[in-house]
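Each remark here refers to the structure printed beneath this line.
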Amino acid sequence: MDGRRRRSGRPDVSYGNSDGIAHNRSVILGTIHGYYKEALAVLPLDDLPELAPRLVGAGVCFGFGDPTTNIIANTLSSFLPDKPDPDHRAKKHKRKASIKTPSAAARSDAAGDAPSPPPETRTIAERSLEGLITFLTSYFRYLPTWDALRYLCLANADLLVAVRLIELDRCYNTKDERFHISSYAARAALTCAASSARQPDVDGFIAGSFSLASHLEFVTQTVLADRSYVLSVEKILLLSGMLKKKPRMLDKSDNPMIFADERRLRNCHTDANASGDANCEKVPGGLTISLRAVLLDKIHANCVTNIIVNTLWYDSTFPAMEKLEVDMICTSTFVRVESRSLRGLIKLLLTCIPEISEHDAMIYLLKNNLKVRKAIEMAGAEGWKSSWDVSAYKAAADASFHPEPEAYVQFSTQSLPKVQAAVKSLLRASTPLSSNDVLQLATLLPSSNCISAKSLETIVDLSTDALDMFIAFKEKFVTQQGFFHRKIEAALRKRGYLYDLQVICVANERVGSQMNFLDFKCPYSHVNFLARPKVGSGLKLFFAEFSNDDDDVSFCCTVSRKSKHARCCYCEYEGTRIMHPAHPIENYCGGDMDFIEMAHGTHKLTNARIISCGKCAGNRVGMCGDDYIYFDPTRDAKFAQCMNRTASRANISWSDILKVNTS
Numbered sequence: 291m292d293g294r295r296r297r298s299g300r301p302d303v304s305y306g307n308s309d310g311i312a313h314n315r316s317v318i319l320g321t322i323h324g325y326y327k328e329a330l331a332v333l334p335l336d337d338l339p340e341l342a343p344r345l346v347g348a349g350v351c352f353g354f355g356d357p358t359t360n361i362i363a364n365t366l367s368s369f370l371p372d373k374p375d376p377d378h379r380a381k382k383h384k385r386k387a388s389i390k391t392p393s394a395a396a397r398s399d400a401a402g403d404a405p406s407p408p409p410e411t412r413t414i415a416e417r418s419l420e421g422l423i424t425f426l427t428s429y430f431r432y433l434p435t436w437d438a439l440r441y442l443c444l445a446n447a448d449l450l451v452a453v454r455l456i457e458l459d460r461c462y463n464t465k466d467e468r469f470h471i472s473s474y475a476a477r478a479a480l481t482c483a484a485s486s487a488r489q490p491d492v493d494g495f496i497a498g499s500f501s502l503a504s505h506l507e508f509v510t511q512t513v514l515a516d517r518s519y520v521l522s523v524e525k526i527l528l529l530s531g532m533l534k535k536k537p538r539m540l541d542k543s544d545n546p547m548i549f550a551d552e553r554r555l556r557n558c559h560t561d562a563n564a565s566g567d568a569n570c571e572k573v574p575g576g577l578t579i580s581l582r583a584v585l586l587d588k589i590h591a592n593c594v595t596n597i598i599v600n601t602l603w604y605d606s607t608f609p610a611m612e613k614l615e616v617d618m619i620c621t622s623t624f625v626r627v628e629s630r631s632l633r634g635l636i637k638l639l640l641t642c643i644p645e646i647s648e649h650d651a652m653i654y655l656l657k658n659n660l661k662v663r664k665a666i667e668m669a670g671a672e673g674w675k676s677s678w679d680v681s682a683y684k685a686a687a688d689a690s691f692h693p694e695p696e697a698y699v700q701f702s703t704q705s706l707p708k709v710q711a712a713v714k715s716l717l718r719a720s721t722p723l724s725s726n727d728v729l730q731l732a733t734l735l736p737s738s739n740c741i742s743a744k745s746l747e748t749i750v751d752l753s754t755d756a757l758d759m760f761i762a763f764k765e766k767f768v769t770q771q772g773f774f775h776r777k778i779e780a781a782l783r784k785r786g787y788l789y790d791l792q793v794i795c796v797a798n799e800r801v802g803s804q805m806n807f808l809d810f811k812c813p814y815s816h817v818n819f820l821a822r823p824k825v826g827s828g829l830k831l832f833f834a835e836f837s838n839d840d841d842d843v844s845f846c847c848t849v850s851r852k853s854k855h856a857r858c859c860y861c862e863y864e865g866t867r868i869m870h871p872a873h874p875i876e877n878y879c880g881g882d883m884d885f886i887e888m889a890h891g892t893h894k895l896t897n898a899r900i901i902s903c904g905k906c907a908g909n910r911v912g913m914c915g916d917d918y919i920y921f922d923p924t925r926d927a928k929f930a931q932c933m934n935r936t937a938s939r940a941n942i943s944w945s946d947i948l949k950v951n952t953s
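So this is what it looks like as structure tokens:
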């Protein structure tokens, strides 16, 4: 056990209470005030007093440089220099002492000496803090305000350092996962930040930020070359003119994230020396409240081999009594199987390493991209003892609510190892899988000889009311599937895409504000679907938005890996993981404009509500309404009992219940 990193076993959530939030705000504001003092010390306010109101009005400390450079650059981006006045110094001394000069007002405002004002008259430091928080919560999913404050504390109120710390915490290691200032998501988050900070000219601020990024090395060196000297008027005019030019192509030497990483490592070294701890680690993932949601995102994009193998094995071993041909995957059951899978993975790791906590298990899974064996190896390297036997598979199957746990354990521990090499070889060679590949895989996977006790249960007959309910639900699904099918084909034709719809992967029909208090229907639906070109081969993933009414308001476009940072407040609120376009041809409902309204505080949704409701949706593990589609009376005894109870408790006819639920 020597040398093993000691863990608390559970995340420290004290940052999330009111005292912790107030403390972090106070610490960050103190740090920001220090940056304004640095900026005021190098700005020639005596020679150019007109800089003072520019700093107070637009000189926020967030952007693509370090905080002090951002303050100066944002001040100069909005600066319109007048001709130098040679008599300025003489005139300055004639002012009455009782009149507060603009430079003095700027120093007071930036230092936060004034009493706390109402939101519309916040100091520039307070507005900067709001912008910093909004950028992080707008760019990163599942990031509550208190967690954003914690990262900003650790990053010394440096925006891009905070971004990098979150990426390290969430194990964003690939190029597509990493932050790029040229991405549409970065621009959208910066726009939200500027809006929440009440920047007087949001478009000008955005243009200035990208101009700074394209000249970052020169501007930073000029501003911070010698902090003991005030910048000359000539340098101010040079920088101001440079920041107003159209941004050029980003050179490697000007990459803001390289500078941010240097500042992060420098701060880490300084903090380690101050605390006497030479092992300064990156931000511990243990404090990230959104860890489970991040892992669900990983499940959504990984574990492909296990998903394919387990699905084909179960389908061949326990074939459905009725073959139901569908073009649409039920979203609620899809979300549920992700949540169940995560529970199973966590339980598997906890059974193999019983001394670690559930939180530690999630950290190991995150760091090893959900690969359990690699997670165990990492834990072993840190001193944790482990064992892996049949009981681990049994515990995982039970935790994930597997319908046939005994058969699954026998398959995983006895049958699959014999054919694993052949299965992996076939999966590696075929991308995507053809129908013949699927048949070959199904043939390779041996059926289990284990007789499930569940299959021997007495069949539960559906009551008359329950049968009516079952038929009505199924008819509703078929109608909805046909509606989506027609809308998607119309959207493909409208855009001129020569593709044939293959399958609707995920859908959310609750996009936008509901029509009225009594009408729960929302105006739009968002879907992801796979389509095959009419000429050629291969599949493409598409996004589509269309009206839930009969009008022809729709559009669709292809999406790629770069789309993973594109956000939709309505889809996240419902807990549906839909890929939205990274560079939207049209502004889809729930996208940038909605997040800007959230930044202004004028939207019905908030970041906290999105996280809370999305978390509830993502933690579903029990029965859900869509189970009726795949209902098998010979196997689903519990579901049949549930349907009978639901129908018998109703004091009105099922047709009336359906009208209420679907109106």
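The numbers in my numbering rise by one with no breaks, and the one at position 540 of the sequence shown is 830. Virtual Cβ for every residue (Gly too), placed ideally from N, Cα, C.
Remark: fewer than three beta-carbon pairs, one from each stretch, lie closer than 8 Å, so the segment 426-435 and the segment 504-515 are not flagged as touching. For the pair of segments examined, the segment 602-620 was found to touch the segment 690-710: the number of CB pairs separated by less than 8 Å reaches three.
Between P537 and S501 the beta-carbon gap is near 5 Å, inside 8 Å, which marks them as a contact.
In this structure, the alpha-carbon of F833 lies about 10 Å from that of P874. Contact between the segment 894-905 and the segment 856-870 is present: 3 or more CB-CB pairs across the two stretches fall below 8 Å. Residue state for E615 is assigned as coil, using DSSP reduced to three classes. Residue pairing by DSSP places Y789 opposite P823 in a beta bridge. Fewer than three pairs of CB atoms, one per stretch, sit closer than 8 Å, so the segment 829-843 makes no contact with the segment 888-897.
Under the DSSP definition of a beta bridge, L831 partners with L820. By the 16-neighbour rule on beta-carbons within 10 angstroms, V793 is exposed.
For Y814, the secondary structure class from DSSP, reduced to helix, strand or coil, is strand. Where F845 is concerned, the enclosing beta strand (DSSP E) starts and stops at 844-848. By the neighbour-count definition (other C-beta atoms within 10 Å, threshold 16), T481 is a buried residue. Here the C-alpha atom of V346 lies approximately 11 Å from the C-alpha atom of T411. Relative to the Cα of V616, the nearest Cα in the group S631, V768, S676 belongs to V768. Counting C-beta atoms within 10 angstroms of its own C-beta, P823 has fewer than 16 neighbours from the protein chains shown and is therefore classed as exposed.
Contact between P546 and D448 is absent: CB atoms are separated by about 11 Å, not below the 8 Å threshold. Within the same chain, I322, V350, C351, F352, A487 come within 7 Å of S418 by CB-CB distance, once the 5 residues on both sides are set aside. Take the alpha-carbon of R800 and the one of S853: they are about 21 Å apart. In the DSSP annotation of this structure, the continuous segment of the alpha helix (DSSP H) that includes A342 starts and ends at 341-348.
Going by beta carbons, C858 and H816 fall inside the 8 Å limit. The beta strand (DSSP E) runs of length 3 or more contained entirely in the segment 910-936 do not exist; there are none. In this structure, the alpha-carbon of I311 lies about 40 Å from that of M539. Comparing alpha-carbon positions, the option among V849, N818, A479 lying closest to M888 turns out to be A479. Distance between T427 and R454, taken at the CA atoms: about 14 Å.
Within the same chain, and ignoring the five residues on either side of D551 in sequence, the residues whose Cβ sits closer than 7 Å to its Cβ are R454. Its Cα nearest to that of H470, the residue H855 stands out among S938, H855, L638.
Between the alpha carbons of K534 and L527 lies a gap of roughly 11 Å. Across the structure, L831 and L614 are spaced so that their CA atoms are roughly 24 Å apart.
Looking at the DSSP output, A797 sits in a beta bridge with V817. In the three-state DSSP reduction, S472 falls in the coil class, being neither helix nor strand. Only residues of its own chain outside the window of five on either side were considered, and among them L639, Y654, L655, N658 have a CB closer than 7 Å to the CB of A665, listed in chain order.
When the beta-carbon positions are compared, T621 and N798 come within less than 8 Å of each other. At the C-beta level, G634 and A682 stay beyond 8 Å of one another. Around R785, the same chain offers F845, C846, C847 as residues with beta carbons nearer than 8 Å, after the five sequence neighbours per side are excluded. Under the DSSP assignment, N726 falls in the alpha helix (DSSP H) whose first and last residues are 725-734.
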